[in-house]
Amino acid sequence: MRYESDNGCQTSKRRYGSVSAYLVDNAGIDQYDKNEGFQSPTTISGRDAVEISGFGGSASACLIGVSVTPKARASISLTLSGGTNEQACTQVRPIAEKFSAQLPREADSDQSLARVNLAVTSSISTTGSP
Numbered sequence: 789m790r791y792e793s794d795n796g797c798q799t800s801k802r803r804y805g806s807v808s809a810y811l812v813d814n815a816g817i818d819q820y821d822k823n824e825g826f827q828s829p830t831t832i833s834g835r836d837a838v839e840i841s842g843f844g845g846s847a848s849a850c851l852i853g854v855s856v857t858p859k860a861r862a863s864i865s866l867t868l869s870g871g872t873n874e875q876a877c878t879q880v881r882p883i884a885e886k887f888s889a890q891l892p893r894e895a896d897s898d899q900s901l902a903r904v905n906l907a908v909t910s911s912i913s914t915t916g917s918p
């Protein structure tokens, strides 16, 4: 798994997979590598986002990048121990929706990013897996 930044966390569960979430404060959602999986625009909790099926070259992974500001994003990814990219995308979406509601809106972008880091950490620790 590739790390997006030092501002995030990851957890894993045997026979399920791993989930990670990172705040990237120096790159927007338009700055993902165009060769990393199949990218499609979407929205998460009313925010611009990009879904990347097969992120990292995996056959069972999905990443959702959520726009915080034009130059900052939250990246949430799920890699399943078994399954398909489509299953990973279906399962990572509620995780992305849960903590994106806690992210500051662009109008609040002067707000401390420490709050965002807390949102990322608490979302992963309170999200159950099937």
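Per the working numbering, residue 789 is the first one in the sequence shown, and the count goes up by one each step. Glycine included, C-beta positions come from ideal geometry on N, C-alpha and C.
Suppose contacts are defined by Cβ-Cβ distances below 8 Å. Is residue i in contact with residue j by that definition?
| i | j | result |
| --- | --- | --- |
| S863 | G853 | yes |
| S848 | C877 | no |
| Y804 | S865 | no |
| E874 | G844 | no |
| A920 | S833 | This structure leaves residue 920 out entirely; the chain is present only between 789 and 918. |
| K859 | G816 | yes |
Residue i bridges to which residues according to DSSP?
| i | result |
| --- | --- |
| Q798 | S808 |
| C877 | C877 pairs with nothing; no bridge assigned. |
| R861 | V812 and S855 |
| I840 | Q827 and L851 |
Between which two residues does the beta strand (DSSP E) carrying residue i extend?
| i | result |
| --- | --- |
| Q827 | F826 to I832 |
| G853 | A849 to T857 |
Thinking just about the alpha-carbon of each residue, which of the options is nearest to the one in residue i?
| i | options | result |
| --- | --- | --- |
| V838 | A884, P892 and C797 | A884 |
| P882 | K801, T831 and T799 | T831 |
| F887 | R835, D794, T872 and C850 | R835 |
| Q827 | D794, D813 and C850 | C850 |
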